[in-house]
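Numbering (full-length UniProt numbering), first residue to last: 1 to 374.
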(Lines of atoms letter the chains of each structure in order from A; the text may use other names.)
(Lines give C-alpha, C1' and ligand atoms only; values in the text may rest on other atoms or scores of the structure.)
Protein backbone atom coordinates (compact mmCIF):
# COMPACT_ATOMS: atom_id res chain seq x y z
CA UNK A 1 0.00 0.00 0.00
CA UNK A 2 2.75 2.43 0.93
CA UNK A 3 5.73 3.48 -1.23
CA UNK A 4 9.07 1.78 -1.02
CA UNK A 5 11.40 2.72 1.86
CA UNK A 6 13.35 5.95 1.52
CA UNK A 7 16.57 4.03 0.88
CA UNK A 8 15.22 2.51 -2.34
CA UNK A 9 13.81 5.52 -4.16
CA UNK A 10 13.25 5.19 -7.89
CA UNK A 11 12.27 7.84 -10.43
CA UNK A 12 8.58 7.24 -9.87
CA UNK A 13 8.98 7.79 -6.13
CA UNK A 14 11.07 10.92 -6.74
CA UNK A 15 8.42 12.25 -9.08
CA UNK A 16 5.75 11.57 -6.47
CA UNK A 17 7.73 13.29 -3.70
CA UNK A 18 8.40 16.38 -5.81
CA UNK A 19 4.80 16.53 -6.94
CA UNK A 20 3.57 16.26 -3.36
CA UNK A 21 5.92 19.02 -2.16
CA UNK A 22 4.79 21.17 -5.08
CA UNK A 23 1.15 20.71 -4.08
CA UNK A 24 1.96 21.57 -0.45
CA UNK A 25 3.76 24.77 -1.54
CA UNK A 26 0.93 25.86 -3.81
CA UNK A 27 -1.68 25.12 -1.15
CA UNK A 28 -0.11 27.69 1.20
CA UNK A 29 1.49 30.02 -1.35
CA UNK A 30 -1.33 32.57 -1.34
CA UNK A 31 -1.80 32.63 2.43
CA UNK A 32 1.19 34.90 3.26
CA UNK A 33 0.12 37.47 0.67
CA UNK A 34 -3.52 37.42 1.78
CA UNK A 35 -2.40 37.89 5.39
CA UNK A 36 -0.06 40.70 4.37
CA UNK A 37 -2.86 42.51 2.55
CA UNK A 38 -5.19 42.07 5.51
CA UNK A 39 -2.55 43.29 7.97
CA UNK A 40 -1.89 46.44 5.93
CA UNK A 41 -5.55 46.87 4.88
CA UNK A 42 -4.15 47.50 1.43
CA UNK A 43 -3.16 45.64 -1.71
CA UNK A 44 -1.14 48.44 -3.34
CA UNK A 45 2.00 46.31 -3.38
CA UNK A 46 0.54 43.84 -5.89
CA UNK A 47 0.03 44.50 -9.57
CA UNK A 48 -3.54 43.80 -10.62
CA UNK A 49 -2.36 43.01 -14.15
CA UNK A 50 -0.07 40.39 -12.61
CA UNK A 51 -3.05 38.68 -10.97
CA UNK A 52 -5.41 38.98 -13.94
CA UNK A 53 -2.90 37.57 -16.44
CA UNK A 54 -1.96 34.83 -13.98
CA UNK A 55 -5.63 33.90 -13.62
CA UNK A 56 -6.02 33.72 -17.40
CA UNK A 57 -2.98 31.45 -17.55
CA UNK A 58 -4.49 29.18 -14.90
CA UNK A 59 -7.71 28.85 -16.89
CA UNK A 60 -5.80 27.75 -20.00
CA UNK A 61 -3.70 25.52 -17.76
CA UNK A 62 -6.79 23.61 -16.66
CA UNK A 63 -8.08 23.23 -20.22
CA UNK A 64 -4.73 22.13 -21.58
CA UNK A 65 -4.01 19.70 -18.72
CA UNK A 66 -7.41 18.01 -19.00
CA UNK A 67 -7.32 17.72 -22.81
CA UNK A 68 -3.73 16.49 -22.88
CA UNK A 69 -4.26 14.01 -20.04
CA UNK A 70 -1.13 14.98 -18.10
CA UNK A 71 -0.21 13.93 -14.57
CA UNK A 72 -3.02 14.19 -12.01
CA UNK A 73 -0.74 16.43 -9.92
CA UNK A 74 -0.70 18.99 -12.71
CA UNK A 75 -4.50 19.01 -13.04
CA UNK A 76 -5.02 19.34 -9.26
CA UNK A 77 -2.59 22.24 -9.12
CA UNK A 78 -4.23 23.96 -12.09
CA UNK A 79 -7.66 23.89 -10.44
CA UNK A 80 -6.32 25.12 -7.12
CA UNK A 81 -4.33 27.93 -8.77
CA UNK A 82 -7.52 29.24 -10.33
CA UNK A 83 -9.53 29.20 -7.11
CA UNK A 84 -6.74 30.85 -5.11
CA UNK A 85 -6.20 33.51 -7.77
CA UNK A 86 -9.88 34.41 -7.62
CA UNK A 87 -9.71 34.82 -3.83
CA UNK A 88 -6.61 37.03 -3.98
CA UNK A 89 -8.02 39.08 -6.85
CA UNK A 90 -11.28 39.61 -4.94
CA UNK A 91 -9.29 40.86 -1.97
CA UNK A 92 -7.41 43.33 -4.16
CA UNK A 93 -10.65 44.66 -5.65
CA UNK A 94 -12.05 45.03 -2.14
CA UNK A 95 -9.16 47.26 -1.04
CA UNK A 96 -8.50 49.10 -4.29
CA UNK A 97 -11.86 49.21 -6.04
CA UNK A 98 -12.70 47.79 -9.45
CA UNK A 99 -9.79 49.06 -11.50
CA UNK A 100 -7.03 47.42 -13.49
CA UNK A 101 -4.65 50.36 -13.29
CA UNK A 102 -1.42 49.99 -11.35
CA UNK A 103 -0.66 53.36 -9.80
CA UNK A 104 2.84 53.29 -8.30
CA UNK A 105 2.04 55.30 -5.18
CA UNK A 106 5.23 55.62 -3.08
CA UNK A 107 5.31 54.00 0.36
CA UNK A 108 3.81 56.18 3.05
CA UNK A 109 6.82 57.83 4.66
CA UNK A 110 5.47 61.31 5.34
CA UNK A 111 2.61 62.63 7.41
CA UNK A 112 -0.23 64.47 5.68
CA UNK A 113 0.84 67.72 7.36
CA UNK A 114 4.28 67.48 5.76
CA UNK A 115 2.79 66.93 2.33
CA UNK A 116 0.54 69.95 2.78
CA UNK A 117 3.50 72.06 3.86
CA UNK A 118 5.35 71.18 0.67
CA UNK A 119 2.34 72.15 -1.40
CA UNK A 120 2.15 75.50 0.35
CA UNK A 121 5.68 76.29 -0.76
CA UNK A 122 7.15 79.21 1.12
CA UNK A 123 4.64 79.32 3.95
CA UNK A 124 6.09 79.90 7.38
CA UNK A 125 5.14 78.60 10.79
CA UNK A 126 3.35 81.84 11.53
CA UNK A 127 1.02 81.47 8.54
CA UNK A 128 0.42 77.71 8.81
CA UNK A 129 -2.69 76.46 10.47
CA UNK A 130 -1.69 75.03 13.87
CA UNK A 131 -2.25 71.31 14.39
CA UNK A 132 -1.76 68.87 17.23
CA UNK A 133 1.80 68.33 15.97
CA UNK A 134 2.73 72.02 15.88
CA UNK A 135 5.49 73.29 18.18
CA UNK A 136 4.31 75.06 21.30
CA UNK A 137 7.38 77.31 21.23
CA UNK A 138 8.95 78.71 18.06
CA UNK A 139 12.11 76.95 16.94
CA UNK A 140 14.79 77.35 14.33
CA UNK A 141 13.31 74.54 12.25
CA UNK A 142 10.19 76.53 11.37
CA UNK A 143 11.96 79.74 10.50
CA UNK A 144 12.02 81.44 13.90
CA UNK A 145 14.67 81.26 16.54
CA UNK A 146 14.14 81.80 20.18
CA UNK A 147 16.71 84.25 21.42
CA UNK A 148 17.07 86.18 24.61
CA UNK A 149 17.73 89.86 24.09
CA UNK A 150 19.74 92.31 26.06
CA UNK A 151 16.80 93.35 28.20
CA UNK A 152 16.74 89.94 29.81
CA UNK A 153 20.29 90.44 31.05
CA UNK A 154 19.46 93.85 32.53
CA UNK A 155 16.53 92.42 34.42
CA UNK A 156 18.88 90.20 36.47
CA UNK A 157 21.89 92.32 37.42
CA UNK A 158 22.74 90.32 40.50
CA UNK A 159 25.86 88.20 39.74
CA UNK A 160 24.84 85.23 41.86
CA UNK A 161 21.73 84.83 39.71
CA UNK A 162 23.72 84.13 36.56
CA UNK A 163 23.84 80.42 37.22
CA UNK A 164 20.08 80.42 37.73
CA UNK A 165 19.61 82.34 34.48
CA UNK A 166 21.85 79.82 32.71
CA UNK A 167 19.72 76.96 34.02
CA UNK A 168 16.53 78.69 32.94
CA UNK A 169 17.96 79.38 29.50
CA UNK A 170 19.06 75.74 29.14
CA UNK A 171 15.61 74.62 30.15
CA UNK A 172 14.08 76.90 27.55
CA UNK A 173 16.49 75.48 24.96
CA UNK A 174 15.37 71.98 25.83
CA UNK A 175 11.75 73.04 25.60
CA UNK A 176 11.91 74.58 22.14
CA UNK A 177 14.27 71.92 20.84
CA UNK A 178 12.64 68.70 22.01
CA UNK A 179 9.09 69.31 23.24
CA UNK A 180 6.12 69.95 21.01
CA UNK A 181 2.38 69.45 21.17
CA UNK A 182 2.68 65.78 20.30
CA UNK A 183 4.57 64.93 23.46
CA UNK A 184 1.91 66.49 25.67
CA UNK A 185 -0.40 63.64 24.69
CA UNK A 186 -0.29 60.64 27.06
CA UNK A 187 -0.34 58.44 23.95
CA UNK A 188 2.99 59.89 22.82
CA UNK A 189 5.45 59.88 25.73
CA UNK A 190 8.63 61.95 25.70
CA UNK A 191 11.19 59.37 24.57
CA UNK A 192 14.51 60.04 22.94
CA UNK A 193 14.81 58.51 19.45
CA UNK A 194 17.15 55.51 19.19
CA UNK A 195 20.69 56.08 18.07
CA UNK A 196 21.84 54.94 14.59
CA UNK A 197 23.79 52.11 16.19
CA UNK A 198 20.68 50.86 18.03
CA UNK A 199 18.66 51.17 14.83
CA UNK A 200 21.15 49.06 12.88
CA UNK A 201 21.22 46.43 15.63
CA UNK A 202 17.42 46.23 15.72
CA UNK A 203 17.35 45.97 11.93
CA UNK A 204 19.82 43.06 11.99
CA UNK A 205 17.79 41.24 14.64
CA UNK A 206 14.60 41.76 12.64
CA UNK A 207 16.25 40.45 9.46
CA UNK A 208 17.54 37.37 11.30
CA UNK A 209 14.11 36.68 12.79
CA UNK A 210 12.51 36.94 9.36
CA UNK A 211 15.10 34.59 7.90
CA UNK A 212 14.53 31.99 10.61
CA UNK A 213 10.76 32.27 10.29
CA UNK A 214 10.86 31.85 6.51
CA UNK A 215 13.25 28.90 6.77
CA UNK A 216 11.04 27.16 9.33
CA UNK A 217 7.93 27.78 7.22
CA UNK A 218 9.58 26.30 4.12
CA UNK A 219 10.88 23.29 6.07
CA UNK A 220 7.44 22.56 7.55
CA UNK A 221 5.70 22.80 4.19
CA UNK A 222 8.27 20.54 2.50
CA UNK A 223 7.99 18.02 5.36
CA UNK A 224 4.21 18.05 4.98
CA UNK A 225 4.64 17.33 1.27
CA UNK A 226 6.94 14.37 1.92
CA UNK A 227 4.59 12.95 4.57
CA UNK A 228 1.67 13.41 2.20
CA UNK A 229 3.49 11.34 -0.42
CA UNK A 230 4.52 8.66 2.09
CA UNK A 231 1.02 8.04 3.43
CA UNK A 232 -0.59 8.09 0.00
CA UNK A 233 -1.18 4.64 -1.54
CA UNK A 234 1.38 4.06 -4.28
CA UNK A 235 0.77 2.72 -7.73
CA UNK A 236 1.70 -0.78 -8.71
CA UNK A 237 5.26 -1.44 -9.66
CA UNK A 238 4.21 -3.67 -12.56
CA UNK A 239 2.87 -0.97 -14.83
CA UNK A 240 1.67 -1.94 -18.25
CA UNK A 241 3.15 0.04 -21.12
CA UNK A 242 0.71 2.61 -22.47
CA UNK A 243 0.81 5.42 -25.00
CA UNK A 244 -2.01 7.44 -23.43
CA UNK A 245 0.29 9.91 -21.69
CA UNK A 246 2.46 10.25 -24.81
CA UNK A 247 -0.25 11.07 -27.32
CA UNK A 248 -0.38 14.65 -28.63
CA UNK A 249 -3.66 16.51 -28.35
CA UNK A 250 -3.53 19.51 -30.65
CA UNK A 251 -6.00 21.65 -28.73
CA UNK A 252 -4.45 20.66 -25.42
CA UNK A 253 -1.00 21.70 -26.69
CA UNK A 254 -2.34 25.05 -27.93
CA UNK A 255 -3.86 25.75 -24.53
CA UNK A 256 -0.65 24.61 -22.84
CA UNK A 257 1.51 27.05 -24.80
CA UNK A 258 -0.99 29.87 -24.27
CA UNK A 259 -0.77 29.10 -20.57
CA UNK A 260 3.05 29.29 -20.71
CA UNK A 261 2.99 32.66 -22.49
CA UNK A 262 0.52 34.09 -19.95
CA UNK A 263 2.53 32.77 -17.02
CA UNK A 264 5.67 34.40 -18.38
CA UNK A 265 3.86 37.66 -19.05
CA UNK A 266 2.17 37.77 -15.65
CA UNK A 267 5.38 38.48 -13.74
CA UNK A 268 6.40 41.44 -15.90
CA UNK A 269 3.77 43.91 -14.53
CA UNK A 270 4.82 43.06 -10.96
CA UNK A 271 8.51 43.51 -11.75
CA UNK A 272 7.75 46.81 -13.47
CA UNK A 273 5.58 48.04 -10.57
CA UNK A 274 8.34 47.25 -8.06
CA UNK A 275 10.83 49.08 -10.24
CA UNK A 276 8.63 52.17 -10.57
CA UNK A 277 7.94 52.26 -6.83
CA UNK A 278 11.57 51.40 -5.97
CA UNK A 279 10.08 49.21 -3.26
CA UNK A 280 8.62 45.78 -2.60
CA UNK A 281 6.58 46.99 0.37
CA UNK A 282 3.25 45.20 0.54
CA UNK A 283 4.56 42.12 -1.30
CA UNK A 284 5.09 39.00 0.81
CA UNK A 285 8.50 37.37 0.44
CA UNK A 286 7.03 33.98 1.38
CA UNK A 287 4.51 34.35 -1.45
CA UNK A 288 7.24 34.25 -4.09
CA UNK A 289 9.44 31.90 -2.08
CA UNK A 290 6.76 29.22 -2.06
CA UNK A 291 6.06 29.96 -5.73
CA UNK A 292 9.73 29.31 -6.57
CA UNK A 293 9.87 26.07 -4.61
CA UNK A 294 6.52 24.97 -6.04
CA UNK A 295 7.66 25.61 -9.62
CA UNK A 296 11.02 23.91 -9.05
CA UNK A 297 9.53 20.73 -7.56
CA UNK A 298 6.78 20.82 -10.20
CA UNK A 299 9.42 20.71 -12.95
CA UNK A 300 11.31 17.93 -11.18
CA UNK A 301 8.12 15.88 -10.86
CA UNK A 302 7.76 16.03 -14.66
CA UNK A 303 11.41 15.33 -15.44
CA UNK A 304 11.59 12.34 -13.07
CA UNK A 305 9.89 10.00 -15.50
CA UNK A 306 10.73 6.32 -15.93
CA UNK A 307 9.85 5.04 -19.44
CA UNK A 308 7.87 1.82 -19.67
CA UNK A 309 8.95 -0.07 -22.78
CA UNK A 310 7.23 -2.75 -24.74
CA UNK A 311 10.34 -4.41 -26.12
CA UNK A 312 10.37 -8.15 -26.59
CA UNK A 313 8.85 -8.47 -23.14
CA UNK A 314 6.78 -5.94 -21.22
CA UNK A 315 9.06 -3.65 -19.24
CA UNK A 316 12.23 -4.56 -21.17
CA UNK A 317 13.49 -1.90 -23.57
CA UNK A 318 15.10 -2.40 -26.91
CA UNK A 319 18.19 -0.29 -27.66
CA UNK A 320 17.18 3.37 -27.91
CA UNK A 321 13.54 2.71 -27.08
CA UNK A 322 13.68 4.25 -23.57
CA UNK A 323 15.32 7.43 -24.89
CA UNK A 324 12.69 7.76 -27.62
CA UNK A 325 9.83 7.35 -25.15
CA UNK A 326 11.37 9.86 -22.73
CA UNK A 327 11.93 12.38 -25.53
CA UNK A 328 8.32 12.14 -26.65
CA UNK A 329 7.17 12.49 -23.04
CA UNK A 330 9.18 15.71 -22.67
CA UNK A 331 7.69 17.10 -25.90
CA UNK A 332 4.16 16.40 -24.65
CA UNK A 333 4.89 18.31 -21.43
CA UNK A 334 7.17 20.95 -22.95
CA UNK A 335 4.72 23.83 -22.62
CA UNK A 336 4.31 23.21 -18.89
CA UNK A 337 8.07 22.95 -18.48
CA UNK A 338 8.60 26.25 -20.30
CA UNK A 339 5.96 27.99 -18.20
CA UNK A 340 7.37 26.71 -14.91
CA UNK A 341 11.03 27.32 -15.79
CA UNK A 342 10.25 30.79 -17.11
CA UNK A 343 8.24 31.88 -14.08
CA UNK A 344 10.95 30.45 -11.82
CA UNK A 345 13.50 32.72 -13.49
CA UNK A 346 11.22 35.78 -13.27
CA UNK A 347 10.43 35.04 -9.62
CA UNK A 348 14.16 35.09 -8.98
CA UNK A 349 14.21 38.58 -10.50
CA UNK A 350 11.59 39.62 -7.94
CA UNK A 351 13.80 38.13 -5.22
CA UNK A 352 16.63 40.36 -6.42
CA UNK A 353 14.28 43.34 -6.11
CA UNK A 354 13.52 42.36 -2.51
CA UNK A 355 17.21 42.67 -1.63
CA UNK A 356 17.74 45.77 -3.80
CA UNK A 357 14.91 47.75 -2.24
CA UNK A 358 14.99 46.51 1.36
CA UNK A 359 17.00 49.57 2.47
CA UNK A 360 14.28 51.80 1.01
CA UNK A 361 11.69 50.02 3.13
CA UNK A 362 13.76 50.55 6.29
CA UNK A 363 14.25 54.23 5.43
CA UNK A 364 10.52 54.66 4.85
CA UNK A 365 9.72 53.02 8.20
CA UNK A 366 12.23 55.20 10.02
CA UNK A 367 10.85 58.28 8.28
CA UNK A 368 7.34 57.37 9.39
CA UNK A 369 8.53 56.96 12.97
CA UNK A 370 10.25 60.35 12.87
CA UNK A 371 7.05 61.93 11.56
CA UNK A 372 5.03 60.40 14.39
CA UNK A 373 7.52 61.65 16.96
CA UNK A 374 7.12 65.14 15.50
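Here a beta-carbon is modelled for each residue, glycine too, at the ideal position from N, C-alpha and C. Just so we're clear, the structure is a prediction, and the values are computed from it rather than from any experiment.
With contacts defined as CB atoms closer than 8 Å, residue 229 and residue 17 qualify as a contacting pair.
Residue environment: residue 352 is assigned as exposed (fewer than 16 neighbouring CB atoms within 10 Å of its CB, all protein chains considered).
The beta carbon of residue 225 lies closer than 6 Å to those of 20, 21 and 24 in the same chain, with the five residues before and after it left out. Counting along the chain, residue 294 sits inside the alpha helix (DSSP H) bounded by residues 285-303. Counting every other CB atom within 10 Å of its CB across the protein chains shown gives residue 10 a total below 16, marking it as exposed. Of 310, 262 and 332, the smallest CA-CA separation from residue 61 is found for 262. With respect to the C-alpha of residue 26, the residue from 69, 211, 296 and 277 having the closest C-alpha is 296. For residue 10, there is no enclosing alpha helix (DSSP H), since its DSSP letter is neither H nor E.
Put simply, of 264, 214 and 13 the residue whose alpha carbon is nearest the alpha carbon of residue 52 is 264. The criterion of a C-beta distance shorter than 8 Å is satisfied by residue 283 and residue 45. DSSP places residue 321 in the uninterrupted alpha helix (DSSP H) bounded by 321-332.
Closest by C-alpha distance to residue 78, out of 260, 101 and 43, is 260. For residue 250, the number of other beta carbons within 10 angstroms of its own is below 16, and it is reported as exposed. Under the DSSP assignment, residue 259 falls in the alpha helix (DSSP H) whose first and last residues are 250-277.
Only exposed fits residue 216, as fewer than 16 other CB atoms lie within 10 angstroms of its CB. C-alpha of residue 218 to C-alpha of residue 32: approximately 12 Å in a straight line. Between residue 270 and residue 350, the CB-CB gap stays under 8 Å. Considering only 280, 322 and 254, the residue with the shortest C-alpha distance to residue 355 is 280.
With respect to the C-alpha of residue 72, the residue from 322, 298 and 310 having the closest C-alpha is 298. Under the three-state reduction of DSSP output, residue 97 falls in the coil class, being neither helix nor strand.
The three-state reading of DSSP puts residue 46 in coil, since its state is none of H, G, I, E or B.
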